[in-house]
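**Q** Below is a structure I'd like to ask you about.
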Amino acid sequence: MDIEEGKAVMPGAEARSFDSPDEQRTPPKTKVDLVRFEGATVGRYTFEPGWRWSEAVKPLVGTDTCQLRHVGVVLAGRIHIAYSDGAESEAGAGDAFLIPPGHDAWVVGEETYVSYEFESRSAEEFARGS
Numbered sequence: 068m069d070i071e072e073g074k075a076v077m078p079g080a081e082a083r084s085f086d087s088p089d090e091q092r093t094p095p096k097t098k099v100d101l102v103r104f105e106g107a108t109v110g111r112y113t114f115e116p117g118w119r120w121s122e123a124v125k126p127l128v129g130t131d132t133c134q135l136r137h138v139g140v141v142l143a144g145r146i147h148i149a150y151s152d153g154a155e156s157e158a159g160a161g162d163a164f165l166i167p168p169g170h171d172a173w174v175v176g177e178e179t180y181v182s183y184e185f186e187s188r189s190a191e192e193f194a195r196g197s
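Structure representation (structure tokens):
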């Protein structure tokens, strides 16, 4: 373990800024910023008011519902999720979430939605065209 500015630093530890993401995707009303680490990708998802997965992302991926699993935390705004089995839920600022595959989702209200997601596959594939 090394000492850096009075703190213990584990070898291989990294800190990355979303101000300089490795990749950015910008479908309509959508901004996805990705930072990549060895073995993990973290995404910051920003959706404008009026955003809906089935309108902004579905045309890129070509599936009827989002087929990705999402694990993360909401920083701002609120999102409504409608699942293929008819169930529905919402997540808002301060909520941690796990959303299984098979859903549509949309921003609720007039506040921009911002979340961080930690499921590497979802971050790598969300809003990426085929």
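Residue numbering for the sequence shown follows my numbering, beginning at 68 and increasing consecutively.
Yeah, the Cβ is synthetic: ideal placement off N, Cα and C, and Gly gets one too.
Counting only the same chain and skipping the five closest in sequence on each side, list residues whose C-beta sits under 7 Å from that of residue 182.
**A** Taking the first residue of the sequence shown as 1, we reach residue 182 at position 115. Same-chain partners within the cutoff: 112, 139, 140, 141 and 142.
**Q** Considering only their Cβ atoms, is the gap separating residue 174 from residue 85 smaller than 8 Å?
**A** Here residue 85 refers to the residue found at position 18 when the sequence shown is read from its first residue. Here residue 174 refers to the residue found at position 107 when the sequence shown is read from its first residue. No. Outside cutoff.
**Q** Is DSSP giving residue 149 helix, strand or coil here?
**A** Counting from one through the sequence shown, the residue named residue 149 turns up at place 82. Correct three-state label for residue 149: strand.
**Q** What does residue 161 pair with, by DSSP beta-bridge criteria?
**A** Start at 1 with the first residue of the sequence shown, and residue 161 comes out as number 94. Beta-bridge pairing links residue 161 to no other residue.
**Q** Assuming contact is defined by CB atoms lying nearer than 8 Å, are residue 99 and residue 194 in contact in what I supplied?
**A** Against the sequence shown, residue 99 aligns to sequence position 32. Against the sequence shown, residue 194 aligns to sequence position 127. Cβ distance < 8 Å, so residue 99 and residue 194 count as in contact.
**Q** Does DSSP classify residue 69 as helix, strand or coil?
**A** Here residue 69 refers to the residue found at position 2 of the sequence shown. Note that residue 69 scores a pLDDT of 48, beneath 50, so its modelled location is shaky; the value from the coordinates is reported in the next line. Here residue 69 sits in strand by DSSP.
**Q** For residue 189, is the classification buried or exposed, using 16 other Cβ atoms within 10 angstroms of its Cβ as the cut-off for buried?
**A** As a working note, residue 189 is residue 122 in the sequence shown. Residue 189 comes out buried.
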